[in-house]
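Undergrad: Numbering (the numbering used here), first residue to last: 0 to 384. Think of the CB as a built atom: it goes at the ideal place given N, C-alpha and C, for glycine as much as any other residue. This is the structure I have questions about; it appears just below.
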């Protein structure tokens, strides 16, 4: 695993904007960064990232099957009791799912360590699936990279397969929060794939979804929403006014409600508990006293947080790194600290994608901190032996 500096394509911003990748720069800071790329060997990809992703995903599915049958475990994950049946039914009826992302600490040697699971509303999908693949193809065409360079990336192909298998006949709505360019970009990408496999699709802002007198979710023209992909986390929905109507409605949700089990960090202690000693897992347990300092070599994380918010860690040599944030109203866990590798002045995180139930590719992000935040940068990668 190497970080290799390279020249940017002179026209990459124009290319990005033509393709609808409008969040390549955020607050005048680069988000997409092709001034360097990460190079892996095929063995590193297959043995250290792809195989563990497959294995951990299977462990997660086994754990969901266990959790839905246990009110004690559902409660332990801070899923509100009125939604136990919704979550359980969505799993037992086999409600289909599309995607998820695992975040790993990996430096090119030894087992990759799972830091967390993002299985409900993961970000960086478009740039991982499509834009970094376009970078690779264009760099090969222009002679910047060798013709045999490859990428661990079948995300787009597998998403097309996943949508085609749904065989939906009614319109599929894709919803994101009003004003979020990044979320709209992600949902627009998924909409495009749905259209390509013959599914009629529509966009709707989450704030514009209504509930009619028959208990049906509808759009602004009072049309029924039969299928809804919502880039909005289940833990928020559980506490919102319309959340209570979901169990009795006739809308099919993506991602399904059972994703709430593996989209919060409370799942990490359970994964460890039922698979203790697994080489890709880190020791983790519920943090019962957050008034105490984080021990050396451990990380404190809230069940629900985004982009590094409210995470605190202490390295083995006593360095304390902490991010503030709004996620203080749920339990916390303590997880063994697995430091991100440092390349130049940046710390590197590997996001490994699961599409349907298959490992499908990776995205690489960098930050200037041991905690990966919303200021991180996305860099492309390739496989070269």
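1) Under a Cβ-count criterion, where at least 16 other Cβ atoms within 10 Å of its own Cβ denotes burial, should residue 364 be classed as buried or exposed?
2) Going by the beta-carbon positions, is the gap between residue 230 and residue 175 smaller than 8 angstroms?
3) Exposed or buried, residue 240, counting other C-beta atoms within 10 Å across all chains shown (16 or more means buried)?
4) How is residue 397 classed by DSSP in three states: helix, strand or coil?
5) Taking the alpha carbon of residue 122 as the point to measure from, which residue in 367, 297, 361 and 368 has its own alpha carbon closest?
6) What did DSSP end up calling residue 376 once you bin it into helix, strand or coil?
7) Taking the C-alpha atoms as reference points, what is the distance between residue 152 and residue 367?
8) Measuring CA to CA, which of 313, 302 and 340 is closest to residue 77?
9) May I ask you to report which of helix, strand or coil DSSP gives residue 294?
10) Just to confirm the assignment, what range does the beta strand (DSSP E) spanning residue 3 have?
11) Have a look at 74, 138 and 150 and flag the residue whose alpha-carbon is nearest the alpha-carbon of residue 34.
12) Residues in its own chain within less than 8 angstroms of residue 186 by CB, not counting five upstream and five downstream?
13) Report yes if the CB atom of residue 11 is closer than 8 angstroms to the CB atom of residue 377, and no otherwise.
14) Starting from residue 88, trace the alpha helix (DSSP H) both ways and give me its first and last residue.
15) Based on Cα-Cα distance, which residue from 313, 146 and 260 lies nearest to residue 61?
16) What is the residue span of the beta strand (DSSP E) that residue 365 lies within?
17) What number of angstroms, rounded off, separates the C-alpha of residue 292 from the C-alpha of residue 224?
TA: Based on what the coordinates show:
1) Residue 364 sits at position 365 when you count from the first residue of the chain shown. Buried, since its Cβ has 16 or more Cβ neighbours within 10 Å.
2) One-based indexing of the chain shown puts residue 230 at position 231. One-based indexing of the chain shown puts residue 175 at position 176. In this structure, residue 230 sits near residue 175, with a CB-CB distance shorter than 8 angstroms.
3) In the chain shown, residue 240 corresponds to position 241, counting from 1. Only exposed fits residue 240, as fewer than 16 other CB atoms lie within 10 angstroms of its CB.
4) Past the boundaries of the shown model lies residue 397; the chain is included only from 0 to 384, so the question cannot be answered.
5) In the chain shown, counting from the first residue as 1, residue 122 sits at position 123. Comparing C-alpha distances from residue 122 to each of 367, 297, 361 and 368 shows the shortest one belongs to 361.
6) As a first step, residue 376 is located in the chain shown; it is residue number 377 there, counting from the start. Secondary structure at residue 376: strand, using DSSP grouped into helix, strand and coil.
7) Position 153 of the chain shown, counted from the start, is the residue given in the question as residue 152. Position 368 of the chain shown, counted from the start, is the residue given in the question as residue 367. Their Cα atoms are separated by approximately 26 angstroms.
8) For the purposes of this step, residue 77 is taken as residue 78 along the chain shown, with counting starting at 1. Comparing Cα-Cα distances from residue 77 to each of 313, 302 and 340, the minimum goes to 302.
9) Here residue 294 refers to the residue found at position 295 when the chain shown is read from its first residue. In this structure, residue 294 counts as coil in the three-state DSSP scheme.
10) What you label residue 3 is simply residue 4 of the chain shown in a count that begins at 1. Residues 1-4.
11) The residue you call residue 34 lines up with position 35 of the chain shown. Looking at 74, 138 and 150, the one whose alpha-carbon comes closest to that of residue 34 is 138.
12) Mapped onto the chain shown, residue 186 falls at position 187. Excluding its 5 nearest sequence neighbours in each direction, residue 186 has C-beta neighbours in its own chain below 8 angstroms: 173, 174, 175, 202, 228 and 230, listed in chain order.
13) Position 12 of the chain shown, counted from the first residue, corresponds to residue 11. Position 378 of the chain shown, counted from the first residue, corresponds to residue 377. No, the Cβ-Cβ distance between residue 11 and residue 377 is not below 8 angstroms.
14) The count along the chain shown starts at 1 and reaches residue 88 at position 89. Looking at the DSSP string, the run of the alpha helix (DSSP H) that includes residue 88 is 83-91.
15) As a position in the chain shown, residue 61 is number 62, starting the count at 1. Closest option to residue 61, Cα to Cα, is 260.
16) In the chain shown, counting from the first residue as 1, residue 365 sits at position 366. For residue 365, the enclosing beta strand (DSSP E) covers residues 357-366.
17) To locate residue 292, count along the chain shown from 1; it is residue 293. To locate residue 224, count along the chain shown from 1; it is residue 225. Distance from the CA atom of residue 292 to the CA atom of residue 224, rounded to whole angstroms, is 48 angstroms.
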